[in-house]
């Protein structure tokens with residue numbers, strides 16, 4: 001069956017202030033000299049973009065472009081490695097750049113060349129200092145946006161629900177959330193203690209009239225039920241909805257609905273009165289509850305000391321509750 005739904009769109013904005021958690025060392029960078037060696041027969045140019053890495057993973061760069069001379073063979077037949085002294089500087093500020101003598105691997109070179117062309121720090125580098133400041137980190141911006149979006153979702157849902165008409169239903173699976181805009185007062189790695197962010201999101205939902213769907217299902221159940229039976233509503237009724245497909249752009253959804261209701265079998269009240277005549281409340285209750293189509297029984301006696309059902313059927317009043 002097809003039922004008409006309604007597309008509802010809402011928009012909401014929220015601004016919040018957040019503390020920065022990022023840290024940046026703006027101290028001085030360590031610097032010094034390194035000797036570069038070349039064991040190959042070709043000169044090797046290096047630029048200020050080549051990464052020079054220590055065994056501990058610290059990165060340094062050349063201050064100027066250089067070319068390491070090729071290896072030569074002396075008159076005596078000895079191989080003399082090409083070498084060149086050049087100035088280097090740490091990639092990051094901080095005292096950890098004040099490294100002791102050691103090897104520098106030029107990781108931009110092919111792996112086969114890295115053992116033949118390399119640098120060596122002969123004297124400890126100096127000048128690196130620490131000065132740590134608070135800055136806006138990438139995580140600060142990401143976490144701030146996620147937190148605001150998380151707060152906006154229930155606000156958007158509540159806004160949609162506030163506009164629903166009687167009988168209309170909203171399911172979370174039939175809501176699509178979207179990010180409209182993000183406005184912030186800072187840039188990445190800006191030195192600041194706090195920053196403000198404003199996020200605007202929207203929600204697009206497909207709502208449907210549950211009452212009409214229930215009514216249609218009950219009608220179908222009754223069509224398949226014999227005419228002497230009656231559909232009754234109880235606390236044990238089942239109405240479960242599963243969203244099988246949803247396309248917000250097309251404004252369509254396919255719902256799978258599982259419904260289960262109670263069917264009441266017909267009662268012959270005249271015959272029932274005959275069975276009840278003269279019985280005590282206990283006997284009458286046992287009799288009634290033994291029948292498949294009776295779930296509960298309550299009694300109210302008037303002008304009776306013995307709490308027995310009258311022998312006169314005209315004095316027995318049976319009220320059915322479905």
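Numbering (full-length UniProt numbering), first residue to last: 1 to 322.
Even for Gly, the Cβ is constructed at its ideal location relative to N, Cα and C.
Bear in mind the structure is a predicted one, so any value in this text is a computation, not a measurement.
query, result
"Delimiting residues of the beta strand (DSSP E) encompassing residue 56", "Note, residue 56: premise wrong, no beta strand (DSSP E); not H, not E."
"The region 80-87 in contact with the region 9-25 per 3-pair CB rule at 8 Å", "no"
"Reference residue 12, options 149, 48, 108, closest by Cα", "149"
"Environment of residue 284 [buried if 16+ CB atoms lie within 10 Å]", "buried"
"Outcome for residue 256 when other beta-carbon atoms lying within 10 angstroms are tallied against a minimum of 16", "exposed"
"Environment of residue 19 [buried if 16+ CB atoms lie within 10 Å]", "exposed"
"Uninterrupted beta strand (DSSP E) stretches inside the region 61-123 (no shorter than 3 residues)", "66-68, 82-90, 102-106, 117-121"
"The beta strand (DSSP E) enclosing residue 260, as first and last residue numbers", "252-260"
"Close beta carbons around residue 98, own chain, < 7 Å, minus the five adjacent residues each side", "30, 124, 125, 126, 128"
"Anticipated Cβ contact below 8 Å, residue 201 with residue 152, distance rounded", "5 Å"
"Cα-Cα separation between residue 247 and residue 260, rounded to whole angstroms", "28 Å"
"CA-to-CA distance, residue 142 to residue 250, given in whole angstroms", "32 Å"
"Same chain, Cβ closer than 6 Å to residue 44, five either side skipped, listed in chain order", "38, 68, 117"
"Candidates 145, 105, 56: closest to residue 183 by CA position", "145"
"From 1, 130, 192, 276, residue whose alpha carbon lies closest to that of residue 290", "276"
"Cβ pair residue 167, residue 212 closer than 8 Å", "yes"
"Reference residue 314; option with closest CA among 241, 288, 137, 274", "274"
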